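*Asks:* Those protein sequences? They're chains A and B, same order as listed. Each residue of the first sequence is one higher than the one before, counting from 123 in my numbering. Each residue of the second sequence is one higher than the one before, counting from 123 in my numbering. Before I ask anything, let me first share the structure, which is written out below as structure tokens.
Number of protein chains: 2
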Amino acid sequence: MQKIQLSHGGGGKETNDLIHDIFYRQFSNNILTKAEDAAVLHVGPDIAFTTDSFTVTPIFFNGGNIGKLSIVGTINDLAMMGAKPLFLSTAFIIEEGFEFEKLEAIVKSMAEETLFSGAKIVCGDTKVAPKGSLDNIFINTAGIGKIIKHGVSCHNIEPGNTIIVSGDIGRHGATILMEREGIDLKSTLKSDCANLWPAVSALAESGIKINALRDATRGGLAAVLNEWADASNIGIVINEKSVPISDEVNGVCELLGFEPYDFANEGTFMIAVKNADAHHCIDILKRFEFCKYAAIIGNAVAEHQGKVILRSEWGTSRFLEPPKGELLPRIC
Amino acid sequence: MQKIQLSHGGGGKETNDLIHDIFYRQFSNNILTKAEDAAVLHVGPDIAFTTDSFTVTPIFFNGGNIGKLSIVGTINDLAMMGAKPLFLSTAFIIEEGFEFEKLEAIVKSMAEETLFSGAKIVCGDTKVAPKGSLDNIFINTAGIGKIIKHGVSCHNIEPGNTIIVSGDIGRHGATILMEREGIDLKSTLKSDCANLWPAVSALAESGIKINALRDATRGGLAAVLNEWADASNIGIVINEKSVPISDEVNGVCELLGFEPYDFANEGTFMIAVKNADAHHCIDILKRFEFCKYAAIIGNAVAEHQGKVILRSEWGTSRFLEPPKGELLPRIC
């Protein structure tokens, strides 16, 4: 079995071979192969720019792998700014001895996901570090997108806005946790890892005014909602019963003592829109398979500024606190 | 002594505190602090885009640290494409238990180097991985620059072009190697780690036509010259005696059996220009302290296509091969 050697990161012949045999072959496009120290791009005046490093473990999980996640994660960050993903960079740090076969599988799913998104990988970097300096592989992706929907911001939520979630929550966090703990529930649970741009693009084209958008990654719903409440100086009231959560995710949470609201998602996002647009918004989302459980889960209010309130079906209320402490390291 | 905890990477309160207390404080600018999932930028139509991950060890070395290197490395990649560095992203992967004090020192030197360059850090990411998952800290920077000098490419070197190096070679590689091996030569040897944009900018403003530019990082001069010979389908003849190499670098090479041509540089670049412009080019470079040893070292020829020939002062010749094998892992 062929393995990554330190020489693959030396900047000489073996590095060139690796870049040509694996990266160029999978990511092939004119801009990438012509790139020297940097790619040359032609872009519109207003762009969005983002970066994310990925250290998830296990590197292969039900519903994705670190490669797919690294593309989807950065594309989604652009999408959440109302920006069409155009160009991506990828930077690999690989542990000496990592199997070629695994690297190829990861790179292949990055290529597929990038192709699906319509974006291009235009520049990259490869480092190999001696065995023991890192655990398997870390990937960084940065992305450039063209802003097509302006005014989307966590600061723009108004009292009366409806809060929508695009799907059932907590699947990425629950999947990683189960796999890491070696728990096999014989369930169909898999990560929600998905490119959100098609749904965001459809919302943008519909002409609905979107106040805020955010994918509920690390820190889950609890992190996003608290950030929104804080940034827009509003309160947010969530009807607990309306939040879509699968039986599997609820099961993992009960078993291990977690809150589904704190669990990471990698293909689920929150939207704040005017109340009058909420049902139209849900209709658009439901055209997409990965948004089939899209739901209205609450609304912004003028009171309780900076706070998120969970209202149970029995009428009781509690604050949904922003996540604190360890949660799950290396979830993304 | 305060240390990085896993909770600093959880995406909740502690992550926010870290971002505000360290990153925003040092990198403070309007775009960064307003950035949500991505920064919003206004750029010209033609941009350069690049990425690099940094895993150098030791993280602090004579002449720099992983933070300074991460800024300079990406800025130099833009500069080498004739692009003025405008916007940078930074993504940190930090080992649990890493000392705050060290992180602050690293971030501070990133901020200083960015300020000096005129660029801005506009978005970022922070991951914390459990102790043992990586060695100390890895940093990725991606960068966007505005192309102000077009037509600079490793494919554009012509027979007759003069090959210039901006300073004495091999200091970064030699410094890292010495520190790693615990060799103390009581010397003044330090890494050449430096932002090259001021010198490139002056060359661009001079109106000199630049055929190719490249900083001689991983793989050193040997890698760049061989890449150039290959890409432009030319031969390159280098006069060994003309290549500026300090006594310290020569000493380290003799002691440990390395070639200075293979050693990484982080603030030294190669230029290919018309013969008639060579002396003007040297005059411009020498205005800069970090280019005081700039020298004409050889020229491109129509023969020996794809090969680099080192000519000794005694008239003998040998091929300078592209570096192969392990070299020095984690040099950058």
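Where is the CB? At the ideal position from N, CA and C, for every residue including glycine. Model, not experiment: these values are computed from the prediction.
Please look up how many angstroms separate the CB atoms of T263 (chain A) and L335 (chain A), rounded, as I've assumed it's under 8 Å.
*Replies:* Taking the first sequence and counting its residues from 1, the one referred to as residue 263 (chain A) is at position 141. Taking the first sequence and counting its residues from 1, the one referred to as residue 335 (chain A) is at position 213. Not quite, the Cβ-Cβ distance comes to about 20 Å (not below 8 Å), so this is no contact.
*Asks:* Just the chain A side, please: which residues come within less than 9 Å of F209 (chain B) by C-beta, in chain order?
*Replies:* Position 87 of the second sequence holds residue 209 (chain B). Within 9 Å Cβ-Cβ: F171.
*Asks:* State yes or no: is the beta carbon of T236 (chain A) nearer than 8 Å to at least one beta carbon in chain B?
*Replies:* Against the first sequence, residue 236 (chain A) aligns to sequence position 114. Not closer than 8 Å to any Cβ of chain B, the Cβ of T236 (chain A) fails to qualify, so no.
*Asks:* Shorter than 8 Å from the beta carbon of M392 (chain B) to some beta carbon of chain A?
*Replies:* Taking the first residue of the second sequence as 1, we reach residue 392 (chain B) at position 270. No, because no Cβ of chain A sits closer than 8 Å to the Cβ of M392 (chain B).
*Asks:* So, is the C-beta of I181 (chain B) closer than 8 Å to a C-beta in chain A?
*Replies:* Here residue 181 (chain B) is taken as the residue at index 59 of the second sequence, counted from 1. Chain A, which has no Cβ nearer than 8 Å to the Cβ of I181 (chain B), makes this no.
*Asks:* So which residues of chain A does H164 (chain B) contact, with C-beta pairs closer than 9 Å?
*Replies:* Working through the second sequence from its first residue, we reach residue 164 (chain B) at position 42. Simply P167, D168, I169.
*Asks:* Output needed for A326 (chain A): all residues of its chain with C-beta closer than 8 Å, excluding positions within five of it in sequence on either side, in chain order.
*Replies:* Against the first sequence, residue 326 (chain A) aligns to sequence position 204. These residues qualify, in order along the chain: G204, I270, K271, I332.
*Asks:* Starting from the Cα of A400 (chain A), find the closest Cα among A:E443, A:S328, A:S354 and give me that residue.
*Replies:* Within the first sequence, residue 400 (chain A) is the residue found at index 278, counting from 1. Nearest C-alpha to A400 (chain A): A:S328.
*Asks:* Determine which residues share a DSSP beta bridge with V287 (chain A) and list them.
*Replies:* For this step, residue 287 (chain A) is matched to residue 165 along the first sequence. Partner(s): A:M392, A:A417.
*Asks:* Anything in chain A within Cβ reach of S354 (chain B), meaning under 7 Å, just list it in chain order.
*Replies:* As a first step, residue 354 (chain B) is located in the second sequence; it is residue number 232 there, counting from the start. Within chain A, no residue comes near S354 (chain B); the closest Cβ sits about 12 Å away, beyond 7 Å.
*Asks:* For a contact defined as C-beta to C-beta under 9 Å, what are the partners of M202 (chain A) on chain B?
*Replies:* Taking the first residue of the first sequence as 1, we reach residue 202 (chain A) at position 80. E158, D159, A160, listed in chain order.
*Asks:* Can you check which of these residues, A:L163, A:V178, A:L225, is closest to L208 (chain A) by C-alpha distance?
*Replies:* Sequence index remark: in the first sequence, residue 208 (chain A) carries index 86 (1-based). Taking only the C-alpha atoms, the option nearest L208 (chain A) is A:L163.
*Asks:* The alpha helix (DSSP H) that contains T155 (chain B), what's its start and end?
*Replies:* For this step, residue 155 (chain B) is matched to residue 33 along the second sequence. It spans 152-156 - the alpha helix (DSSP H) in which T155 (chain B) sits, taken as one unbroken run.
*Asks:* Can you name the residues of chain B whose CB is closer than 7 Å to the CB of D247 (chain A)?
*Replies:* As a working mapping, residue 247 (chain A) is identified with position 125 in the first sequence. Residues of chain B passing the Cβ test: T173, D174, S175.
*Asks:* So if DSSP puts S211 (chain B) in a beta bridge, which residue, or which two residues, is it bridged to?
*Replies:* Numbered from 1 along the second sequence, position 89 holds the residue referred to as residue 211 (chain B). DSSP, once it has assigned bridges, lists B:C245, B:A264 as partnering S211 (chain B).
*Asks:* Considering only C-alpha positions, which residue in the set A:R340, A:V346, A:N258, A:D369 is nearest to L311 (chain A)?
*Replies:* Position 189 of the first sequence, counting from 1, holds the residue named residue 311 (chain A). Among A:R340, A:V346, A:N258, A:D369, the Cα nearest to that of L311 (chain A) is on A:D369.
*Asks:* Let me know if L407 (chain A) comes out buried or exposed under the rule of 16 or more other beta-carbons within 10 Å of its beta-carbon.
*Replies:* Counting from one through the first sequence, the residue named residue 407 (chain A) turns up at place 285. Its Cβ being crowded by 16 or more others within 10 Å, L407 (chain A) is buried.
*Asks:* Using a C-beta cutoff of 8 Å, does P320 (chain B) count as contacting chain A?
*Replies:* Indexing the second sequence from 1 puts residue 320 (chain B) at position 198. No, P320 (chain B) does not count as interfacial toward chain A.
*Asks:* Please report the distance separating the alpha-carbon of I76 (chain A) from that of I153 (chain B).
*Replies:* Here chain A covers residues 123 to 454 and nothing more, so residue 76 (chain A) does not appear.
*Asks:* Hey, does S368 (chain B) have any beta-carbon neighbour from chain A nearer than 8 Å?
*Replies:* Here residue 368 (chain B) refers to the residue found at position 246 of the second sequence. So, not an interface residue.
*Asks:* Whole-angstrom Cβ separation of M300 (chain A) and V374 (chain A), contact assumed at under 8 Å?
*Replies:* As a first step, residue 300 (chain A) is located in the first sequence; it is residue number 178 there, counting from the start. As a first step, residue 374 (chain A) is located in the first sequence; it is residue number 252 there, counting from the start. Between V374 (chain A) and M300 (chain A) the Cβ distance is about 6 Å, and since that is below 8 Å, they are a contact.
*Asks:* Rounded C-beta distance between R440 (chain B) and V359 (chain B)? I'm assuming under 8 Å.
*Replies:* As a first step, residue 440 (chain B) is located in the second sequence; it is residue number 318 there, counting from the start. As a first step, residue 359 (chain B) is located in the second sequence; it is residue number 237 there, counting from the start. R440 (chain B) to V359 (chain B), Cβ: 12 Å. No contact.
*Asks:* In or out: H277 (chain A) buried (at least 16 other Cβ within 10 Å) or exposed?
*Replies:* The residue given as residue 277 (chain A) occupies position 155 in the first sequence. Classification for H277 (chain A): exposed.
*Asks:* Does E136 (chain B) get closer than 8 Å to chain A when you measure Cβ to Cβ?
*Replies:* One-based indexing of the second sequence puts residue 136 (chain B) at position 14. Closer than 8 Å: yes.
*Asks:* Counting only Cβ pairs nearer than 8 Å, list the residues of chain A close to V194 (chain B).
*Replies:* For this step, residue 194 (chain B) is matched to residue 72 along the second sequence. Residues of chain A passing the Cβ test: none, with the nearest at roughly 13 Å.
*Asks:* 8 Å is my cut-off, CB to CB: does V244 (chain B) come that close to chain A?
*Replies:* Walking along the second sequence from the start, residue 244 (chain B) turns up at place 122. So yes, V244 (chain B) belongs to the interface.
*Asks:* Kindly say whether I215 (chain A), judged by its beta-carbon, lies nearer than 8 Å to any beta-carbon of chain B.
*Replies:* Looking up residue 215 (chain A) in the first sequence gives position 93. I215 (chain A) counts as touching chain B.
*Asks:* Who are the Cβ neighbours of I291 (chain B) in its own chain at under 8 Å, not counting the five residues just before and after it?
*Replies:* As a first step, residue 291 (chain B) must be located in the second sequence, where it is residue number 169. Cβ neighbours of I291 (chain B) beyond the five flanking positions: A338, G342, L343, V365, P366, I367, V371, P382, Y383, F385, N387, T390.
*Asks:* Report back the beta-carbon spacing between R302 (chain B) and G133 (chain A) to the nearest angstrom; my notes put them in contact at under 8 Å.
*Replies:* If you number the second sequence from 1, residue 302 (chain B) lands on position 180. If you number the first sequence from 1, residue 133 (chain A) lands on position 11. Rounded, the Cβ-Cβ distance is 17 Å, inconsistent with contact.
*Asks:* Run through chain B and tell me which residues come within less than 8 Å of C276 (chain A), C-beta to C-beta.
*Replies:* If you number the first sequence from 1, residue 276 (chain A) lands on position 154. Result: E158.
*Asks:* Comparing the C-beta of E435 (chain A) with each C-beta of chain B, is any distance below 8 Å?
*Replies:* Taking the first sequence and counting its residues from 1, one reaches residue 435 (chain A) at position 313. Not closer than 8 Å to any Cβ of chain B, the Cβ of E435 (chain A) fails to qualify, so no.
*Asks:* Below 8 Å between beta carbons: does that hold for A398 (chain A) and E280 (chain A)?
*Replies:* Here residue 398 (chain A) refers to the residue found at position 276 of the first sequence. Here residue 280 (chain A) refers to the residue found at position 158 of the first sequence. Taking 8 Å as the Cβ cut-off, A398 (chain A) and E280 (chain A) do not qualify as a contacting pair.
*Asks:* If we call anything under 8 Å between Cβ atoms a contact, is G420 (chain A) one with I285 (chain A)?
*Replies:* The count along the first sequence starts at 1 and reaches residue 420 (chain A) at position 298. The count along the first sequence starts at 1 and reaches residue 285 (chain A) at position 163. Contact: yes.
*Asks:* Return the bridge partner residues of A251 (chain A) from the DSSP annotation.
*Replies:* What you label residue 251 (chain A) is simply residue 129 of the first sequence in a count that begins at 1. Per DSSP, A:E217.
*Asks:* Could you tell me how far apart the beta carbons of S192 (chain A) and M232 (chain A) are, in whole angstroms, since I believe they sit closer than 8 Å?
*Replies:* Here residue 192 (chain A) corresponds to residue number 70 of the first sequence, with the count starting at 1. Here residue 232 (chain A) corresponds to residue number 110 of the first sequence, with the count starting at 1. Right, their Cβ atoms sit about 7 Å apart.
*Asks:* Can you tell me the Cβ-Cβ gap for D199 (chain B) and G131 (chain B), rounded? I've got them flagged as a contact below 8 Å.
*Replies:* Counting from 1 along the second sequence, the entry for residue 199 (chain B) is found at position 77. Counting from 1 along the second sequence, the entry for residue 131 (chain B) is found at position 9. That belief does not hold up - the Cβ atoms of D199 (chain B) and G131 (chain B) are roughly 27 Å apart, past 8 Å.
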